[in-house]
Amino acid sequence: MSPAFGASKKKPPPTKNQPPTIATVTANSITIKDEKTTRTLGITQFTEINVNGRRAAAADLKPGMTVSVALGTDPTRASRINATGK
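Below, the structure is given as structure tokens:
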């Protein structure tokens with residue numbers, strides 16, 4: 000008799016969600032790309048920027064870095080950017 004739950008079947012590999020990364024960055028904007036979308040957000044003098052856990056400037060952000068962004072009251076501007084990588 001074979002097992003009731005098909006124990007011999009292989010499980011599909013776990014899907015890996017790619018974290019968002021920086022596509023491009025200028026002094027005034029950041030473009031973030033994830034698996035499905037690309038979005039450009041404004042950077043202002045009030046945007047809090049951290050790179051590898053340390054306070055940084057927009058010039059320290061580099062394409063390819065993994066990023067998480069918090070939005071403020073204006074959904075077109077980043078209020079906080081946390082980047083890791085290079």
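For the sequence shown, numbering that gives the first Met the number 0 assigns the number 85 to the last residue and increments by one with no breaks. Heads up, the beta-carbon is just placed ideally off N, CA and C, and yes, glycines get one too. Just so you know, these numbers come straight off a predicted model, no measurement behind them.
Measure the Cβ-Cβ separation of A69 and A26 and say whether it is below 9 Å. no
What residues in its chain sit with their C-beta under 6 Å from that of L79, if we drop five residues either side in the sequence? Sequence inspection shows Arg at residue 79; the Leu mentioned does not correspond to that position. These residues qualify, in order along the chain: E47 and A69.
Can you give, in chain order, each stretch of the beta strand (DSSP E) that sits fully within the segment 24-83 and has at least 3 residues? 28-32, 37-41, 47-50, 65-70 and 77-83
For I31, tell me which candidate among T83, G84, G52 and S67 has the shortest Cα-Cα distance. S67
Pairwise C-alpha distance: K85 and T43: 23 Å
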